[in-house]
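Sequence lines, in order, name chains P and E. Note that the working numbering has the first sequence beginning at 122, numbered continuously upward. Note that the working numbering has the second sequence beginning at 451, numbered continuously upward. A virtual CB, placed ideally from N, CA and C, is assigned to each residue, including glycine.
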Amino acid sequence: MNIRACSKGMDEMLVALFLFWIPVAMVPLGLWYSMSSPLKNASSRGRLFAFTGVVLICISPWTVPSSPSTAAGHLLGAIIGPCMLILLGIYLISFSGNVPVGKLPRSDRKLGVLMTGFGFIWLAGMHWWILTPQLSPNEVNHYWFVFWPTFIILTSCLASCSAVTLLMIGEQRKAESNAMFIVSGLSFSILILGLNVDGPLITADEFREHLWLAVADLAGITVGSLLSIFVFALVIYSYERSLPAPKSISPPTESELKQVSTLIASHLGGEDE
Amino acid sequence: MKESNLTFTWRMMLLAFLLPPLLILAIDITFYGSFKGIDSNVSFTRFSNATLTAYMLCSLFLLGNLFFYGESRNRPLAPLVGMFFATALGVVATVFFIGQGPMLLEDNGSVRAQAIYNVVHMFVSSGAILVAMGVALGVTFSAITSQKQRNNFELEEE
Chain P
122 MNIRACSKGM DEMLVALFLF WIPVAMVPLG LWYSMSSPLK NASSRGRLFA FTGVVLICIS
182 PWTVPSSPST AAGHLLGAII GPCMLILLGI YLISFSGNVP VGKLPRSDRK LGVLMTGFGF
242 IWLAGMHWWI LTPQLSPNEV NHYWFVFWPT FIILTSCLAS CSAVTLLMIG EQRKAESNAM
302 FIVSGLSFSI LILGLNVDGP LITADEFREH LWLAVADLAG ITVGSLLSIF VFALVIYSYE
362 RSLPAPKSIS PPTESELKQV STLIASHLGG EDE
Chain E
451 MKESNLTFTW RMMLLAFLLP PLLILAIDIT FYGSFKGIDS NVSFTRFSNA TLTAYMLCSL
511 FLLGNLFFYG ESRNRPLAPL VGMFFATALG VVATVFFIGQ GPMLLEDNGS VRAQAIYNVV
571 HMFVSSGAIL VAMGVALGVT FSAITSQKQR NNFELEEE
C-alpha cells in the first residue's frame with residue numbers, strides 16, 4: 122500500500138497514535154508484564170492487556186480508516202484464524218504423542234491433524250479462492266503479498282534444514298526426518314503452484330515478484346539483526362574489558378589445605394551394599 | 451538396526467536451508483533461461499530497508515535488555531549509553547539513507563512515510579517468520595513425539 126505524503130490534520134495522527142500505535146505497543150508490553158511481574162494475577166492481567174491490543178489492531182481499519190498502516194491490522198484479522206488453527210493443531214498433535222508431561226488424549230491427534238490441514242487450506246484459499254484479504258473490492262491487501270511468500274518459503278527452508286539436522290544429529294531419526302522432508306516438499310509445491318497458477322486476484326507473475334522481494338526481506342532482516350547483536354556484544358565486551366581486574370586473594374594456608382583435604386576424603390568412596 | 455548418521459557440518463545445514471530458493475532459481479534457469487521476476491533495483495531497495503529497520507528495531511529491543519543486564523551490575527551507565535548511541539546511529543542512518551532520494555524510497559512520498567511503512571512491513575514479516583518457525587519447530591516436535599517410546603536403558607534392564 123502506498124503511503125503518500127499529504128498534509129494531515131493533527132487529529133488524524135492522534136487518532137492513529139491512540140487507536141493503532143498504542144495498541145501495537147500494548148501487545149509486547151502485555152506479554153512482557155504477564156511473564157515477568159511477580160504480582161498475583163499479573164499473568165492474566167498482562168494477557169488481557171495484550172489481547173485488548175490485538176483486538177484494537179484488528180479493528181483499526183474501521184477505527185482509523187485514514188491511516189494506511191492499518192492495512193496490517195486488516196491482514197492480522199484475516200490471518201489470525203488460520204494461523205491459530207495451524208498452531209493449535211500442531212500443539213494437539215505434539216502433546217497427544219509420547220510426551221512425559223502434559224499428555225493429551227490420543228483422540229486429540231485426529232482433531233489436531235484436522236485443524237492444521239484446515240488452517241493450511243484456509244491460507245491456500247486466500248491465494249487461489251475468494252478468501253483473499255481485500256481492503257476494498259478487487260484491491261488486495263498489500264501486506265498479504267509480504268506475509269504469504271515469506272511464510273511459505275521460510276517454512277520450506279526451515280523444514281528442509283530441520284530434516285537434515287535430524288539426520289545429522291539425531292540417533293535413528295530417519296522417519297522423523299522424512300516427515301520434515303514431506304513438510305518442506307509440500308511448502309515447496311505450494312510455492313511452485315503459486316509461481317505457475319494464477320489466483321482470481323493474484324497472478325503468478327505478481328507472486329513471483331513478491332517471492333523474491335520476500336527473499337530480499339529475509340536476507341535484510343538477517344543482516345540487520347546480526348549487525349545489532351554484534352554491536353550489542355561489542356558494547357558489553359568493551360564495558361567488561363574496561364572494568365578493573367578483581368582483587369586476588371592470598372593463597373590458602375597449610376591448615377586450610379589440611380581442612381579441605383579432610384573434608385574431601387570424608388566424602389570420597391561409598392558404602393558397600 | 452543401527453542407521454549411519456551424516457557428519458554434522460554447518461555448510462550442510464546452510465545448504466539444506468537454502469535448498470528451496472536455489473531449486474526455484476535452478477527451475478527458472480532451466481525453463482526460462484534467466485532469473486525471471488527479479489528486479490535487482492527493487493530487491494536491493496527492499497534489502498536495504500529491511501537491513502536498516504531490522505537493525506533499528508533489534509537494537510531497541512537489546513537496549514531494553516540492557517536494563518536487566520544492569521540489574522546485576524549496580525546499573526552501570528556506560529553500556530546503556532553505548533547501546534543508546536548505537537541505536538540512535540541506526541535511526542539517523544535510516545533517515546539519512548531514505549532521505550537520499552529514490553534509492554530507498556519505495557512508493558512512498560516522504561522519509562516519514564517510508565520509515566513508518568518500513569516498521570509496519572517489518573511487523574508483518576516478523577509475524578510471518580514467527581508463524582513459519584512455529585510450524586517448523588512444532589512439526590519437528592510432533593514428528594518426534596509421534597514415534598514409539600524409546601528405551602535408552604537396555605543395558606540396565608539386562
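Which residues mark the beginning and the end of the alpha helix (DSSP H) in which residue i is found?
| i | result |
| --- | --- |
| glutamine 380 (chain P) | 375-388 |
| serine 165 (chain P) | 163-179 |
| serine 310 (chain P) | 295-317 |
| serine 281 (chain P) | 265-290 |
| glutamate 327 (chain P) | 325-363 |
| aspartate 478 (chain E) | 460-482 |
| phenylalanine 216 (chain P) | 192-216 |
| serine 155 (chain P) | 143-157 |
| valine 222 (chain P) | It is not in any alpha helix (DSSP H) - valine 222 (chain P) carries neither H nor E in the DSSP assignment. |
Does chain P have any CB closer than 8 Å to the CB of residue i?
| i | result |
| --- | --- |
| proline 552 (chain E) | no |
| methionine 463 (chain E) | yes |
| leucine 472 (chain E) | no |
| leucine 469 (chain E) | yes |
| alanine 651 (chain E) | In the structure as shown, chain E begins at 451 and stops at 608. Residue 651 (chain E) is therefore absent and cannot be evaluated. |
| alanine 466 (chain E) | yes |
| valine 545 (chain E) | no |
| phenylalanine 458 (chain E) | yes |
Check the Cβ of residue i against every Cβ in chain E and list those closer than 8 Å, keeping chain order.
| i | result |
| --- | --- |
| phenylalanine 172 (chain P) | Ordered by position in chain E, no residue passes the 8 Å Cβ test against phenylalanine 172 (chain P), which lies about 16 Å from the chain. |
| glutamate 297 (chain P) | Thr590, Ala593, Ile594 and Gln597 |
| tyrosine 360 (chain P) | Pro526, Ala528, Pro529 and Gly532 |
| leucine 312 (chain P) | Pro470 and Ile474 |
Chain E beta carbons: is any one of them nearer than 8 Å to that of residue i?
| i | result |
| --- | --- |
| aspartate 338 (chain P) | yes |
| alanine 199 (chain P) | no |
| phenylalanine 353 (chain P) | yes |
| glycine 389 (chain P) | The sequence given here places leucine at residue 389 (chain P); glycine does not occur at that position. Closer than 8 Å: no. |
| leucine 307 (chain P) | no |
| alanine 366 (chain P) | no |
| histidine 195 (chain P) | no |
| alanine 126 (chain P) | Because alanine 126 (chain P) sits at a pLDDT of 41, beneath the cut-off of 50, its placement in the model cannot be relied upon, and the following sentence gives the value as read from the coordinates. Judged by the 8 Å Cβ criterion, alanine 126 (chain P) is in contact with chain E. |
| methionine 289 (chain P) | yes |
| methionine 301 (chain P) | yes |
| valine 185 (chain P) | no |
| arginine 329 (chain P) | yes |
| threonine 253 (chain P) | no |
| leucine 232 (chain P) | no |
| aspartate 132 (chain P) | no |
| threonine 286 (chain P) | yes |
| cysteine 179 (chain P) | no |
| alanine 280 (chain P) | yes |
| phenylalanine 268 (chain P) | yes |
| valine 381 (chain P) | no |
Starting from residue i, find everything on chain P with Cβ-Cβ shorter than 7 Å and list it in chain order.
| i | result |
| --- | --- |
| isoleucine 488 (chain E) | Trp333 |
| threonine 501 (chain E) | Gly341, Val344 and Gly345 |
| tyrosine 482 (chain E) | Simply none; closest approach about 10 Å. |
Can you tell me whether residue i sits near the ligand GDP, meaning its C-beta is under 7 Å from at least one heavy atom of the ligand?
| i | result |
| --- | --- |
| leucine 475 (chain E) | This structure lacks the ligand GDP; in fact it carries no ligand of any kind. |
Would you mind telling me which residues of chain P sit closer than 9 Å to residue i, beta carbon to beta carbon, in chain order?
| i | result |
| --- | --- |
| isoleucine 579 (chain E) | Thr271, Phe272, Leu275, Leu339 and Ile342 |
| glycine 584 (chain E) | Cys204, Ile207, Leu208 and Ile211 |
| valine 542 (chain E) | Result: empty, since nearest Cβ-Cβ is about 14 Å, beyond 9 Å. |
Let's see if you can read the secondary structure: which residues bound the beta strand (DSSP E) around residue i?
| i | result |
| --- | --- |
| glutamine 255 (chain P) | 255-257 |
How would you list, in chain order, the residues of chain E whose beta-carbon sits under 7 Å from the beta-carbon of residue i?
| i | result |
| --- | --- |
| serine 283 (chain P) | Ala586 and Thr590 |
| leucine 349 (chain P) | Reading the sequence as shown, one finds serine at residue 349 (chain P) and not leucine. The answer, in chain order, is Tyr505, Cys508, Ser509 and Leu512. |
| glycine 238 (chain P) | Ordered by position in chain E, no residue passes the 7 Å Cβ test against glycine 238 (chain P), which lies about 12 Å from the chain. |
| glycine 218 (chain P) | Ser592, Thr595 and Ser596 |
| tyrosine 154 (chain P) | Here the premise fails: no neighbours, minimum Cβ distance about 13 Å. |
| serine 215 (chain P) | Gly588, Phe591, Ser592 and Thr595 |
| valine 304 (chain P) | Val589 |
What does residue i reach in chain P if we use C-beta pairs closer than 8 Å?
| i | result |
| --- | --- |
| alanine 536 (chain E) | Ser349, Val352, Phe353 and Val356 |
Looking at the C-beta of residue i, does it have a partner C-beta in chain B at a distance below 8 Å?
| i | result |
| --- | --- |
| phenylalanine 517 (chain E) | Included in the structure are the protein chains P and E, with no chain B among them. |
Interface residues of chain E around residue i at Cβ under 9 Å?
| i | result |
| --- | --- |
| leucine 378 (chain P) | Simply none; closest approach about 32 Å. |
Inset, instruction - Would you be able to state if there are at least three C-beta pairs under 8 Å between the segment 275-291 of chain P and the segment 465-477 of chain E? - result: Touching, yes.
Inset, instruction - Assess, as a yes-or-no matter, whether the segment 563-583 of chain E is touched by the segment 288-304 of chain P under the definition of 3 or more beta carbon pairs within less than 8 Å. - result: Segments in contact, no.
Legend entry - Contact between the segment 542-552 of chain E and the segment 168-178 of chain P (3+ Cβ pairs under 8 Å): Not touching, per the Cβ criterion.
Inset, instruction - With a floor of 3 residues, list each beta strand (DSSP E) that falls wholly inside the segment 226-253 of chain P, ordered by position along the chain. - result: You should have found no qualifying run.
Legend entry - Segment contact flag, the segment 504-523 of chain E with the segment 475-487 of chain E, C-beta cutoff 8 Å, min 3 pairs: Not touching, per the Cβ criterion.
Inset, instruction - Could you tell me whether the segment 257-274 of chain P touches the segment 562-581 of chain E, using the rule of 3 or more Cβ pairs below 8 Å? - result: With the rule of 3 Cβ pairs closer than 8 Å, the segment 257-274 of chain P counts as touching the segment 562-581 of chain E.
Legend entry - Three CB pairs or more closer than 8 Å across the segment 151-164 of chain P and the segment 218-231 of chain P: Below 8 Å, too few C-beta pairs join the segment 151-164 of chain P and the segment 218-231 of chain P to call them touching: fewer than three.
Legend entry - Start-end ranges of the alpha helix (DSSP H) lying completely within the segment 555-599 of chain E, minimum 4 residues: Fully enclosed alpha helix (DSSP H) runs of 4 or longer: 561-595.
Inset, instruction - Taking 8 Å as the threshold, find out whether the segment 477-493 of chain E comes into contact with the segment 322-334 of chain P through three or more Cβ pairs. - result: Short answer: they touch.
Inset, instruction - For the segment 588-599 of chain E and the segment 213-224 of chain P, state whether three or more C-beta atom pairs, one from each stretch, are separated by less than 8 Å. - result: The segment 588-599 of chain E makes contact with the segment 213-224 of chain P; the number of CB pairs closer than 8 Å reaches 3 or more.
Inset, instruction - Assess, as a yes-or-no matter, whether the segment 350-361 of chain P is touched by the segment 532-541 of chain E under the definition of 3 or more beta carbon pairs within less than 8 Å. - result: The segment 532-541 of chain E vs the segment 350-361 of chain P: in contact.
Legend entry - Stretch pair the segment 185-196 of chain P + the segment 135-146 of chain P: three plus CB contacts closer than 8 Å: Remark: three or more beta-carbon pairs, one from each stretch, lie closer than 8 Å, so the segment 185-196 of chain P and the segment 135-146 of chain P are flagged as touching.
Legend entry - Stretch-stretch touch, CB-based, cutoff 8 Å, three pairs: the segment 247-262 of chain P with the segment 187-201 of chain P: The answer is yes - the segment 187-201 of chain P touches the segment 247-262 of chain P, with three or more Cβ pairs under 8 Å.
Legend entry - Segment contact flag, the segment 537-546 of chain E with the segment 495-508 of chain E, C-beta cutoff 8 Å, min 3 pairs: Between the segment 537-546 of chain E and the segment 495-508 of chain E, the count of C-beta pairs closer than 8 Å reaches three or more; the two stretches touch.
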